[in-house]
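S.K.: What follows is a single structure, and I will ask about it in a moment.
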Amino acid sequence: MVSGKGVKILREHGIEVVEDVLREECDAVNEIFFHWITHNWPFVTVKYAMTLDGKIATRTGESKWITGEEARMDVQRERLRHSAIMVGIGTVLADDPMLTCRLENGRDPIRIICDSRLRIPLDSNIVKTAKEVPTIIAMTNFNKKDNREKCEKRHILEEMGCRIISTKANCGHVDLYTLMLKLREMKIDSILVEGGGELNDSLFRHKLVQRVKAYIAPKIFGGKDAKSPVEGWGIPTPNDAYMIENTQIRRIGEDILIEGRVAYK
Ligand SMILES: NC(=O)c1ccc[n+]([C@@H]2O[C@H](COP(=O)([O-])OP(=O)(O)OC[C@H]3O[C@@H](n4cnc5c(N)ncnc54)[C@H](OP(=O)(O)O)[C@@H]3O)[C@@H](O)[C@H]2O)c1
4 MVSGKGVKIL
14 REHGIEVVED
24 VLREECDAVN
34 EIFFHWITHN
44 WPFVTVKYAM
54 TLDGKIATRT
64 GESKWITGEE
74 ARMDVQRERL
84 RHSAIMVGIG
94 TVLADDPMLT
104 CRLENGRDPI
114 RIICDSRLRI
124 PLDSNIVKTA
134 KEVPTIIAMT
144 NFNKKDNREK
154 CEKRHILEEM
164 GCRIISTKAN
174 CGHVDLYTLM
184 LKLREMKIDS
194 ILVEGGGELN
204 DSLFRHKLVQ
214 RVKAYIAPKI
224 FGGKDAKSPV
234 EGWGIPTPND
244 AYMIENTQIR
254 RIGEDILIEG
264 RVAYK
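Following this note's numbering from start to finish, the sequence shown increments by one per residue and tops out at 268.
Given below as structure tokens:
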């Protein structure tokens with residue numbers, strides 16, 4: 004019972020109701036549900052693991068592993084908390100991840116891959132397991148230049164269990180706003196984004212991120228070509244920064260977790 008009707012009914016039946024008890028704590032526990040109910044829009048958490056020098060992979064693109072086992076288990080709990088998990092095709096090509104939930108009796112989130120040109124390999128772990136784990140590939144609409152090969156690949160991916168969602172192109176990529184609209188229609192209330200830097204940047208630029216979880220490992224990778232958590236163009240002046248509010252800092256094993264809500268200007 005939402006929208007205040009419950010309180011009214013209880014009071015009408017003579018039950019004393021005390022409101023706003025531990026309000027902030029309750030809001031935090033239920034933030035996905037409240038966001039979905041009030042905005043009718045998926046709650047998006049961007050999560051990444053980085054080194055102390057701000058790298059999410061080495062210069063060769065390797066990222067396994069940056070944080071320790073305890074931090075990685077925390078990520079598994081986040082996978083359970085969210086209905087879906089999203090990555091860019093760059094991450095699939097670099098890591099060939101499974102993106103499932105490793106917790107005992109855990110439920111696998113729906114996997115969403117942003118892959119405008121259907122570059123995902125048919126022998127990738129994601130495609131090979133698409134009949135067992137719900138999988139969405141988001142691509143851009145076909146255009147005149149698209150060849151028969153791409154149309155055939157779409158067909159094969161569908162036969163292998165992937166659901167294909169296509170959107171108009173935005174700067175040549177999947178249009179994330181349209182994608183979110185379609186995911187909302189599918190009643191996907193929450194998405195854990197696990198990178199990489201290009202996709203994260205697009206999501207911030209479209210103001211689609213509500214929460215950030217940054218796991219920081221006490222190690223240094225170096226390398227000017229090593230990837231960072233948010234890439235793309237970035238913002239021109241510090242004044243334009245995306246601000247993170249209500250930050251919490253927690254130590255998890257050897258690593259540090261900083262998380263908070265994104266406040267857009
Ligand atoms: N440590 C961590 O937490 C972590 C997490 C994830 C990844 N990584 C590392 O990060 C690296 C991959 O990062 P990445 O930045 O290259 O790849 P990414 O962000 O995973 O994928 C980028 C690709 O996604 C596709 N895409 C589709 N729609 C998009 C949109 N609207 N905006 C942006 N991209 C869109 C684009 O290709 P198309 O246009 O062809 O679709 C783009 O090239 C790997 O080395 C991986 O190991 C680390």
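Cβ coordinates follow ideal geometry from the N, Cα and C atoms, glycine included. None of the values given here were measured: they were computed from a predicted structure.
Using the beta-carbon count (16 or more within 10 Å), is E161 buried or exposed?
M.R.: Burial call: exposed.
S.K.: Just reading off the alpha helix (DSSP H) that S1 is part of, what are its end residues?
M.R.: An answer regarding residue 1 cannot be provided, because it is not within the stretch 4 to 268 covered by the chain.
S.K.: Answer with buried or exposed for D118, where buried requires no fewer than 16 other C-beta atoms within 10 angstroms of its C-beta.
M.R.: The residue in question, D118, is buried, as its Cβ has 16 or more Cβ neighbours within 10 Å.
S.K.: Compute the distance between the beta-carbons of G164 and A133, then report whether it is under 8 Å.
M.R.: Yes, they are a contact pair.
S.K.: When burial is assigned at 16 or more other CB atoms within 10 Å of the CB, is L260 buried or exposed?
M.R.: Buried: at least 16 other Cβ atoms inside 10 Å.
S.K.: Check whether the segment 168-183 touches the segment 10-22, counting contact only when three or more Cβ pairs, one atom from each stretch, lie closer than 8 Å.
M.R.: The segment 168-183 is not in contact with the segment 10-22.
S.K.: In the structure shown, what three-state DSSP assignment does G93 receive?
M.R.: Correct three-state label for G93: helix.
S.K.: If I follow the unbroken alpha helix (DSSP H) through E72, where does it start and stop?
M.R.: It spans E72 to R84 - the alpha helix (DSSP H) in which E72 sits, taken as one unbroken run.
S.K.: With hydrogens ignored, establish whether the beta-carbon of S119 is closer than 7 Å to any heavy atom of ligand 1.
M.R.: Because some heavy atom of ligand 1 lies under 7 Å away, the Cβ of S119 counts as near it: yes.
S.K.: Using 7 Å as the cut-off, classify the Cβ of L262 as near or not near the heavy atoms of ligand 1, replying yes or no.
M.R.: The residue you asked about is not Leu; residue 262 is Glu in the sequence shown. No - ligand 1 has no heavy atom lying nearer than 7 Å to the Cβ of E262.
S.K.: Note the first and the last residue of the continuous alpha helix (DSSP H) segment covering L186.
M.R.: Per DSSP, L186 belongs to the alpha helix (DSSP H) from L179 to E188.
S.K.: Distance check for G17 and V78, CA to CA, integer angstroms please.
M.R.: For V78 and G17, the distance between alpha carbons rounds to 45 Å.
S.K.: Measure the beta-carbon distance from L280 to I88 and round it to whole angstroms, keeping in mind my assumption that it falls under 8 Å.
M.R.: For residue 280 there is no data in the structure shown, the boundaries of the chain being 4 and 268.
S.K.: Report back the beta-carbon spacing between G237 and I59 to the nearest angstrom; my notes put them in contact at under 8 Å.
M.R.: 15 Å between Cβ atoms; not a contact.
S.K.: When you measure from the CB of K230 to every non-hydrogen atom of ligand 1, does any distance come out below 7 Å?
M.R.: Yes, the beta carbon of K230 sits closer than 7 Å to at least one heavy atom of ligand 1.
S.K.: Using a Cβ distance threshold of 8 Å, determine whether the segment 29-47 contacts the segment 201-221, with at least three qualifying pairs required.
M.R.: The segment 29-47, when compared against the segment 201-221, does touch it at the 8 Å Cβ threshold.
S.K.: Assign L106 to one of three DSSP states: helix, strand, or coil.
M.R.: If DSSP states are grouped into helix, strand and coil, L106 belongs with coil.
S.K.: What would DSSP say about C154, mapped onto helix, strand or coil?
M.R.: It is helical.
S.K.: Compute the Euclidean distance between the alpha carbons of V276 and R264, then round it to the nearest angstrom.
M.R.: An answer regarding residue 276 cannot be provided, because it is not within the stretch 4 to 268 covered by the chain.
S.K.: Okay, do the segment 32-43 and the segment 219-235 touch, 3+ Cβ pairs below 8 Å being the bar?
M.R.: Result no; under three Cβ-Cβ pairs closer than 8 Å.
S.K.: Hey, T54 and F224: beta-carbon distance below 8 Å or not?
M.R.: Yes, the pair counts as a contact, with Cβ atoms nearer than the cut-off.
S.K.: Checking the sheet assignment: what are the DSSP bridge partners for D258?
M.R.: D258 is bridged to I255.
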